[in-house]
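Please read the structure below before turning to the comments.
Protein chains in written order, with our numbering: chain X, 2 to 293; chain U, 516 to 826.
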């Protein structure tokens with residue numbers, strides 16, 4: 002938890018977001034928890050401090066763009082959008098139900114405020130590249146943010162975008178790697194290997210910073226759960242504006258962050274909490290409301 | 516006579532002259548596909564995206580969100596196989612205003628063989644919800660279809676041939692999505708075809724006429740949408756319909772015609788095309804004979820089908 006008072010409000014929102022995510026998943030009987038929790042602080046920072054967003058006009062042409070390329074973390078994005086006022090919090094209970102705007106994986110044709118359909122991993126950064134290039138060509142000032150997962154980074158298509166974006170010097174494009182160290186199943190963690198998760202890191206000991214820099218990206222490395230590091234990094238890339246390099250933010254995170262039950266445990270990638278677990282989790286998050 | 520790839524390149528230039536929103540994205544094949552003509556005429560709207568077809572599909576979707584009309588240019592195989600998932604999820608599902616210029620479709624790919632010969636694309640693309648699938652026969656129809664697709668709001672897949680395609684239409688031709696075109700009247704058998712194979716069918720029909728087999732030819736440039744009533748009406752006078760396509764007999768035009776006729780006007784349909792096998796690198800004439808798609812081989816095949824049907 003940050004010592005900085007400025008971030009207390011954001012920390013409270015993040016706790017509320019985690020509660021809404023895990024309780025919504027519990028109510029719908031399916032969904033993801035680990036990824037939404039690792040991304041929650043980053044999402045709160047984007048929607049409450051960094052991005053230009055108009056809750057009254059989700060399709061505002063000057064809005065900053067955000068693509069959740071790791072689309073299975075949709076519930077994390079939905080709760081943050083709801084908290085930000087882009088749609089009623091009440092609507093979260095339609096998640097994954099028939100006729101819902103809140104699809105298991107984000108559907109741009111259904112929910113205003115989304116910028117892309119995602120869920121097939123590896124695709125979001127390419128769309129973001131096109132949005133940033135389009136902004137450049139049109140003289141538009143919006144910034145494009147794309148969140149990718151560390152498991153997702155195994156997809157080849159991302160590496161195509163990582164290669165091409167710097168060639169167009171897209172300083173108005175920022176990728177955020179939610180490097181939570183776990184994927185859905187992955188590889189066994191050798192007993193003598195130290196790790197924040199209970200399976201092997203998708204990129205164990207690999208110098209991603211050096212790789213991205215050599216491809217032509219500006220790389221910032223932060224703790225993805227410390228608003229005192231998240232906010233300055235995101236504000237810096239926005240303030241730089243359309244410079245000559247796209248930015249990659251390596252956000253070191255913990256899968257399932259925020260709740261002891263779920264932290265660092267791969268099985269919480271997608272798992273439904275029991276009512277007993279929800280009671281403990283609510284207490285830990287300081288939520289008074291308990292799941293019905 | 517112009518190769519279809521030249522028509523494609525020149526039409527992109529002409530469309531770009533009058534529509535400043537038109538972009539061309541290349542996956543490092545512009546000097547094969549002839550999109551390089553656009554690169555020369557409108558360099559600021561030609562985007563080289565490298566040998567990375569999945570990414571260039573996604574980038575086009577992003578560009579379309581700010582009102583650009585991106586034409587993607589690459590070989591057919593690299594769309595319908597390499598970049599299929601981005602086309603499915605990013606383009607078709609979202610109804611993005613992205614146009615796919617699928618060059619070198621079918622088996623006539625300029626001595627490149629199995630890797631480059633896409634005989635599954637129609638099956639794949641027509642099964643995709645929300646995708647418009649067009650296969651023009653000649654330069655007039657190619658140009659008209661490109662003009663229509665550029666104006667149309669939504670995804671379009673345009674199946675293009677590499678080489679010279681004999682004229683079937685003239686400069687008065689106007690493309691109407693879904694329409695079918697009778698290229699030749701006949702009484703005994705109707706050949707239904709698509710893309711440049713329709714022109715070869717017309718030649719085959721003339722050979723058959725000389726043998727006393729009165730042969731009609733129906734051209735289907737619009738695989739999806741398709742006006743089923745028109746197709747049924749055209750087929751109804753014939754006891755035998757032969758579909759002919761430079762495509763696998765599974766899932767393409769033959770399947771499409773069979774589906775519609777079996778529901779609305781059941782009759783004998785024989786599918787001629789690539790019979791579920793791989794191609795090879797060889798001159799066009801060799802390949803057309805090999806797959807019984809050349810006018811001479813096709814007319815022999817149709818005469819034989821007719822004999823077998825009667826006996």
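We put the beta carbon where it would ideally sit given N, CA and C, even for glycine.
Per the C-alpha coordinates, the member of U:579, U:805, U:571, U:762 positioned closest to residue 650 of chain U is U:762. One thing to note: residue 19 of chain X has its Cβ within 8 angstroms of the Cβ of residue 38 of chain X. Residue 578 of chain U and residue 538 of chain U do touch by the CB rule: their CB atoms are close to 6 angstroms apart, below 8 angstroms. Following the DSSP letters along the chain, one finds residue 136 of chain X inside the alpha helix (DSSP H) bounded by residues 125-139. One finds 581 in chain U with Cβ atoms closer than 9 angstroms to the Cβ of residue 141 of chain X, taken in chain order.
Taking the C-beta atoms as reference points, residue 178 of chain X is found nearer than 8 angstroms to residue 154 of chain X. Identification of chain U residues near residue 263 of chain X by a Cβ-Cβ cut-off of 9 angstroms yields none; the smallest Cβ-Cβ distance measures about 29 angstroms. Below the 7 angstroms Cβ cutoff, chain U contributes no neighbours of residue 208 of chain X, its closest Cβ being approximately 23 angstroms away.
Residues 607, 608, 610, 669, 670 of the same chain have their beta carbon placed closer than 8 angstroms to that of residue 645 of chain U, with the five preceding and five following residues left out of the count.
In the three-state reduction of the DSSP assignment, residue 619 of chain U falls in the coil class.
Listed along chain X, the residues sitting closer than 7 angstroms to residue 609 of chain U by beta-carbon distance are 109, 110, 118. Contacts between residue 604 of chain U and chain X, judged by CB atoms closer than 7 angstroms, involve 118, 121, 124 in chain order.
For residue 179 of chain X, the enclosing beta strand (DSSP E) starts and ends at 174-180.
With respect to chain U, the C-beta atom of residue 128 of chain X has a partner C-beta closer than 8 angstroms.
Judged by DSSP secondary structure, residue 533 of chain U falls within the alpha helix (DSSP H) whose first and last residues are 519-533.
Following the DSSP letters along the chain, one finds residue 588 of chain U inside the beta strand (DSSP E) bounded by residues 584-590. Closest in alpha carbon position to residue 134 of chain X, among X:255, X:169, X:147, is X:169. By a beta-carbon distance limit of 8 angstroms, residue 175 of chain X contacts residue 146 of chain X. Their separation comes to about 5 angstroms. For residue 200 of chain X, DSSP records a beta bridge to X:189. Contact check for residue 34 of chain X and residue 275 of chain X: beta-carbon distance about 13 angstroms, past the 8 angstroms limit, so the pair fails to qualify. Taking 8 angstroms as the CB threshold, residue 727 of chain U stays off the interface with chain X. Residue 732 of chain U and residue 749 of chain U have their C-alpha atoms some 10 angstroms from each other. Neighbours of residue 165 of chain X across chain U, judged by C-beta separation under 7 angstroms: 564, 565, 567, 570. About 16 angstroms separates the beta carbons of residue 637 of chain U and residue 657 of chain U, which is beyond the 8 angstroms limit, so they are not a contact pair. Bounds of any beta strand (DSSP E) do not take in residue 39 of chain X; it lies within the alpha helix (DSSP H) bounded by 35-46. Contact check for residue 156 of chain X against residue 122 of chain X passes: the beta carbons are separated by less than 8 angstroms. The beta-carbon distance between residue 571 of chain U and residue 542 of chain U, rounded to whole angstroms, is 5 angstroms. This is short enough to meet the 8 angstroms contact definition. Taking residue 559 of chain U as reference, the option from U:589, U:569, U:549, U:528 with the minimal CA-CA separation is U:528. Annotation: the continuous alpha helix (DSSP H) that includes residue 640 of chain U extends over 636-641.
Residue 687 of chain U counts as exposed, since fewer than 16 other C-beta atoms from the protein chains shown sit within 10 angstroms of its C-beta. Under the three-state reduction of DSSP output, residue 739 of chain U falls in the strand class. In the three-state reduction of the DSSP assignment, residue 596 of chain U falls in the helix class, which pools H, G and I. Against residue 135 of chain X, the close residues of chain U are 577, 578, 580, 581, 583, in the order they occur along the chain (beta-carbon pairs closer than 7 angstroms). Residue 677 of chain U is positioned such that its CB atom lies closer than 8 angstroms to that of residue 624 of chain U. With respect to the 8 angstroms criterion, residue 622 of chain U and residue 632 of chain U are classified as neighbours on the basis of their beta carbons. Looking from the CA of residue 220 of chain X, the closest CA among X:253, X:66, X:139 belongs to X:253.
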